[in-house]
Amino acid sequence: MIEHMSPAERYAESRRRAADERTALAPFRELYDFALDDFQIEACQALEAGRGVLVAAPTGSGKTIVGEFAVHLALAQGRKCFYTTPIKALSNQKYTDLVQRYGGDRVGLLTGDNSVNSEAPVVVMTTEVLRNMLYANSSSLDGLGYVVMDEVHYLSDRFRGAVWEEVIIHLPESVSLVSLSATVSNAEEFGDWLDTVRGDTEVIVSEHRPVPLWQHVLAGRRMYDLFAESELKREVNPDLLRMARLENTRSWGARERNRNGRDSRRAADREREKRQRNRIYTPSRAEVIDRLDAEGLLPAITFIFSRAGCQAAVQQCLSAGLRLNDAAARARVREIVERRTAAIPDEDLHVLGYFEWLEGLERGLAAHHAGMLPTFKEIVEELFVKGLVKAVFATETLALGINMPARSVVLEKLVKWNGEQHADITPGEYTQLTGRAGRRGIDIEGHAVVLWQRGMDPGALGGLAGARTYPLRSSFKPSYNMAVNLVAQFGRRRSRELLETSFAQFQADRSVVGISRQVQRNETGLEGYREAMTCHLGDFQEYAALRVKLKERETELARQGVAQRRAAASDALERLRPGDIIHVPTGKFAGLALVLDPGMPEGRSGGPRGWDHQDGPRPLVLTVQRQVKRLGAIDFPVPVEALGRMRIPKSFNQRSPQSRRDLASALRTKAGHLEPHRHRKERAQAADDQEIARLRGAIRAHPCHGCGEREDHARWAERYHRLKRDTKQLERRIAGRTNTIARTFDQVSALLTELDYLRGDEVTDDGRRLARLYGELDLLASECLREGVWEGLDPAELAACVSALVYEARSADDAPAPDVPAGATRQALGEMVRIWGRLDALEERHRINQVTGVGQREPDLGFAWPVYRWAQGLGLDAVLRDAEMPAGDFVRWCKQVIDVLGQLSSAAPAGSSVGRTARKAVDQLLRGVVAYSSVG
594 MIEHMSPAER
604 YAESRRRAAD
614 ERTALAPFRE
624 LYDFALDDFQ
634 IEACQALEAG
644 RGVLVAAPTG
654 SGKTIVGEFA
664 VHLALAQGRK
674 CFYTTPIKAL
684 SNQKYTDLVQ
694 RYGGDRVGLL
704 TGDNSVNSEA
714 PVVVMTTEVL
724 RNMLYANSSS
734 LDGLGYVVMD
744 EVHYLSDRFR
754 GAVWEEVIIH
764 LPESVSLVSL
774 SATVSNAEEF
784 GDWLDTVRGD
794 TEVIVSEHRP
804 VPLWQHVLAG
814 RRMYDLFAES
824 ELKREVNPDL
834 LRMARLENTR
844 SWGARERNRN
854 GRDSRRAADR
864 EREKRQRNRI
874 YTPSRAEVID
884 RLDAEGLLPA
894 ITFIFSRAGC
904 QAAVQQCLSA
914 GLRLNDAAAR
924 ARVREIVERR
934 TAAIPDEDLH
944 VLGYFEWLEG
954 LERGLAAHHA
964 GMLPTFKEIV
974 EELFVKGLVK
984 AVFATETLAL
994 GINMPARSVV
1004 LEKLVKWNGE
1014 QHADITPGEY
1024 TQLTGRAGRR
1034 GIDIEGHAVV
1044 LWQRGMDPGA
1054 LGGLAGARTY
1064 PLRSSFKPSY
1074 NMAVNLVAQF
1084 GRRRSRELLE
1094 TSFAQFQADR
1104 SVVGISRQVQ
1114 RNETGLEGYR
1124 EAMTCHLGDF
1134 QEYAALRVKL
1144 KERETELARQ
1154 GVAQRRAAAS
1164 DALERLRPGD
1174 IIHVPTGKFA
1184 GLALVLDPGM
1194 PEGRSGGPRG
1204 WDHQDGPRPL
1214 VLTVQRQVKR
1224 LGAIDFPVPV
1234 EALGRMRIPK
1244 SFNQRSPQSR
1254 RDLASALRTK
1264 AGHLEPHRHR
1274 KERAQAADDQ
1284 EIARLRGAIR
1294 AHPCHGCGER
1304 EDHARWAERY
1314 HRLKRDTKQL
1324 ERRIAGRTNT
1334 IARTFDQVSA
1344 LLTELDYLRG
1354 DEVTDDGRRL
1364 ARLYGELDLL
1374 ASECLREGVW
1384 EGLDPAELAA
1394 CVSALVYEAR
1404 SADDAPAPDV
1414 PAGATRQALG
1424 EMVRIWGRLD
1434 ALEERHRINQ
1444 VTGVGQREPD
1454 LGFAWPVYRW
1464 AQGLGLDAVL
1474 RDAEMPAGDF
1484 VRWCKQVIDV
1494 LGQLSSAAPA
1504 GSSVGRTARK
1514 AVDQLLRGVV
1524 AYSSVG
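Mapping the sequence shown onto this note's numbering, position 923 (from 1) lands on 1516, and the numbers just tick up by one.
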């Protein structure tokens, strides 16, 4: 190409190359055996020029190279670089990568579990660690030049997302910020905010996948392409659409029959349909892996949205006799596994299912989910990257940042449990999961395979696969800890101004712009309606207002009547007793019934383990049709009275059909002839209401009442009032979205002032203690320290109490009450719940609640017994057997307890025994599988 250039062009090119060679980017590029992509070069050049960068690119595209360039720049300039990640596993992985390149003396690690060479020029850490450093004004921030925020789209996470915004807002201006994000649809909006709070920020968006992704659907033994590519457009494969139609035809269910009841179709048609039906089914997990192996599409990750499903998948493949490794690979697997698990006590290996797990690994099969021991998960990741595990069955947590790409990704279903209900996965989740397919530098193409399921809509799947991006939404809310830290550093007024710069407020303010424009359009419309309803006899707007007031008063009285009838019905239900014979007035179970249980409210309404009785009593009755049903207020629109009484045998069992039959028969005999009470219809309140009489008189006396065009004017007036009402709602929305973060901060500050954590711009001693406590129940922990709830406890008892601050059960709210240690522990836990109740009432008074993301949830006692026994020195087998908890969950919760104990050891008041006890508790918990770590 150069030989075709003119002398001037060759000179210019040589000058450009010489300039490039003088940059820091030139030697950095030599570290890689492949050429950097354009978006990587553009981002690195912007960073070297002193600008911050936001890089939004697909999973697996290599955006972390930009973060590694920030590390390279920091070392070249003699400055520090902090590389932050959202999860500890990713921090461990990045630390290992950087140590291999720059050496252990120049790279450190800081997570809740580990501290390795923390004063090194390059430190990998979780985002929460950096946030804590900023609030503590740590000396480690001296000389900091660059901060890399990997997976910055985590700021959408409603539980932890606020931490990312805290860091971005509070970092010193001299620090260059590198934000690495998955592809999001509003990257420019996020970049505009970064530009506002951090200064000059370059936004670089790349939609290009370095390894093309092919989408498939596996139905039976056949793999179908999801899309049929044509020169003009990309369409869903017509074969898949045809299969879906065939599945939904009547012939799949009831056969088409003639008058004689025989199938009217030809034998050939029936045979062809039978063959088609036999070809369309959901293949088993073993069949899927076998098929991928035959097609050369391994290694593969199969996403199953269930821990138990992942474990079952491995067992199913083992039972099917799948072997994906040869003898040499099996020997390597055993050698690596035995070396990596050497530190785990032998007695614990049996409890952890080590030998069954090892058998799967030797065959090239493994599960990967949060319930596994962290060590086991790390080994699976290492073996998968080395090609020694070829099929992994994982929950969606594997897609969140871990560098574990595969040739293929399999999705069993497109529905998952989101904590509240089974919901379709979003386009963003689909993109995140399938983004693992295709290994750069290894695979020419990646493959995403969705298994055919009954009722699948190929068109909807095509839309899911075609939607590449999802919007980034802030989840930022000021917490108690954040409030005292901000006030301590900046005072209340400056803190308020800082919070107004959050991405949450930035998005809220932008959304107000569109609403404001709609208000302006509405104002123009109101002016037009005002002119259209002008009447020559008088002020029609005044007349219309009287009509509106009359309608509102009538509606209000009707509503009061309904409420009074409901209250009377509820009062009548409260008077019912077991054995009362009643007549259910309406609904599916109308007729005679016997009250088995009056269903009166008990305990706190909406409590975590109680039954919400906000709608009043819900009696359990036996109907004459032998059905036992729990009825509600909707079944009793009018008050109900007992028609009589009968004895309920002590031997009555509502689950026994015979018991129900006998008691229902006795009910019919006893009360079958009784007539229900007739309720006389009451006189309407509106008939005697003085305000309604006054308004009707004023309407008749108004000049406009005699206008011949009155009803035409009234129609325009109705439109006017409807639009006016809509406009007021929009104005309320604007008011609600303006200064929302600051208002929440004011509410939090008012509560903290009432509790004497704040006095104006001054932070009290108790406030400074709260500033050192991070967690969802930070205020509860501080109150417990202040009231001495944990004084005198031994280390195991303190660990049990602290567990209630961090643990959240996966089981349903109606699970039985958990076991808790007796004695001082039970007393302290009861006191913690009492304090929480007081704080909950205080939050309600200050209009702070969990819906806004600030309120304190009730402490969960479900982990108190397991962590107490572990701290007492019991073996893993005994602890896990009683806890009915996977080893991985047990280790994770133990480490969170250890983290809070560490906070308490430094936050406890002078002269308190809690700090010393907390340190002892940490020592007693850090043993066996809890103590083992692959890093440091």
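The beta-carbon is built from N, C-alpha and C at its ideal position, and this holds for glycine as well.
{"Item": "For H962, which beta-bridge partners are listed by DSSP?", "Value": "BP columns for H962 are empty, so no partner."}
{"Item": "Is N918 closer than 9 Å to V930 when the C-beta atoms are compared?", "Value": "no"}
{"Item": "To the nearest angstrom, how far is it from the Cα of S1506 to the Cα of A901?", "Value": "43 Å"}
{"Item": "When the Cα of E758 is compared with those of F1099, D630, V664 and A642, which residue comes out closest?", "Value": "F1099"}
{"Item": "With a threshold of 7 Å on Cβ separation, who are the neighbours of A1076 within its own chain once the five nearest residues in sequence on each side are excluded?", "Value": "F1338, V1341, S1342 and L1345"}
{"Item": "Return helix, strand or coil for G1039, following the three-state DSSP convention.", "Value": "strand"}
{"Item": "Name the one or two DSSP bridge partners that M718 has.", "Value": "T677 and L703"}
{"Item": "Taking the C-alpha atoms as reference points, what is the distance between L618 and E949?", "Value": "49 Å"}
{"Item": "Let me confirm a value: R843 is counted as buried when at least 16 other C-beta atoms fall within 10 Å, else exposed. Which label applies?", "Value": "For R843, the predicted model reports a pLDDT of 44, less than 50, meaning its position is unreliable; a value from the coordinates is still stated below. So R843 ends up on the exposed side."}
{"Item": "Alpha helix (DSSP H) containing I761: first to last residue?", "Value": "A755 to H763"}
{"Item": "E828 lies in the beta strand (DSSP E); which residues open and close that run?", "Value": "R827 to V829"}
{"Item": "What do you get for T1216, buried or exposed, if any count of 16 or more other CB atoms within 10 angstroms of its CB means buried?", "Value": "buried"}
{"Item": "Is it right to say M1193 is buried, meaning 16 or more other beta carbons lie within 10 angstroms of its own, or is it exposed?", "Value": "exposed"}
{"Item": "Rounded to the nearest angstrom, what separates V1214 and R1159 at their Cα positions?", "Value": "20 Å"}
{"Item": "Beta-carbon separation of D1412 and W1458 under 9 Å?", "Value": "yes"}
{"Item": "Is there contact here, the region 1454-1468 with the region 1308-1325, by at least three beta-carbon pairs under 8 Å?", "Value": "no"}
{"Item": "Confirm, please, whether the CB-CB distance from M816 to R878 is below 9 Å.", "Value": "no"}
{"Item": "Less than 6 Å between C-beta atoms, sequence neighbours within five positions excluded: which residues of the same chain meet that for R672?", "Value": "G736 and G738"}
{"Item": "Assuming contact is defined by CB atoms lying nearer than 9 Å, are R753 and T720 in contact in what I supplied?", "Value": "yes"}
{"Item": "Compute the Euclidean distance between the alpha carbons of L1139 and H1270, then round it to the nearest angstrom.", "Value": "42 Å"}
{"Item": "Among the residues of its own chain, which have a CB less than 7 Å from the CB of Q1046, if the five just before and after it don't count?", "Value": "T875 and K1006"}
{"Item": "What does A1186 pair with, by DSSP beta-bridge criteria?", "Value": "I1175 and T1216"}
{"Item": "Using the rule of at least 16 other Cβ atoms within 10 Å of the residue's Cβ for burial, across every protein chain shown, is D1371 buried or exposed?", "Value": "buried"}
{"Item": "DSSP state of C1394, grouped into three classes?", "Value": "helix"}
{"Item": "Please name the residue or residues paired with R1238 in a DSSP beta bridge.", "Value": "D1173"}
{"Item": "Please list, in chain order, all residues of the same chain as V1017 whose beta carbon is under 7 Å from its beta carbon, the five residues on each side excluded.", "Value": "According to the sequence as given, residue 1017 is Asp; it is not Val. Only L1007 and V1008 meet the Cβ criterion."}
{"Item": "Of the residues A1165, C910 and C903, which one's Cα is nearest the Cα of V881?", "Value": "C910"}
{"Item": "Compare the Cα-Cα distances from N830 to each of G1521, F820 and A1264 and report the closest residue.", "Value": "F820"}
{"Item": "Name the residue from A987, F977, P1051 and A936 whose alpha carbon lies nearest to the alpha carbon of L833.", "Value": "P1051"}
{"Item": "Within the continuous alpha helix (DSSP H) that includes Y1461, where are the two ends?", "Value": "A1457 to A1464"}
{"Item": "So who's on the other strand from K1009, going by DSSP bridges?", "Value": "A1016"}
{"Item": "From R724, D750, S749 and Y728, pick the residue whose C-alpha is nearest to that of V740; which is it?", "Value": "R724"}
{"Item": "What does DSSP give as the partner residue(s) for K1222 in the beta ladder?", "Value": "V1214"}
{"Item": "So who's on the other strand from L1351, going by DSSP bridges?", "Value": "V1356"}
{"Item": "Compute the Euclidean distance between the alpha carbons of Q586 and A1259, then round it to the nearest angstrom.", "Value": "Nothing about residue 586 can be read from this structure; the chain reaches only from 594 to 1529."}
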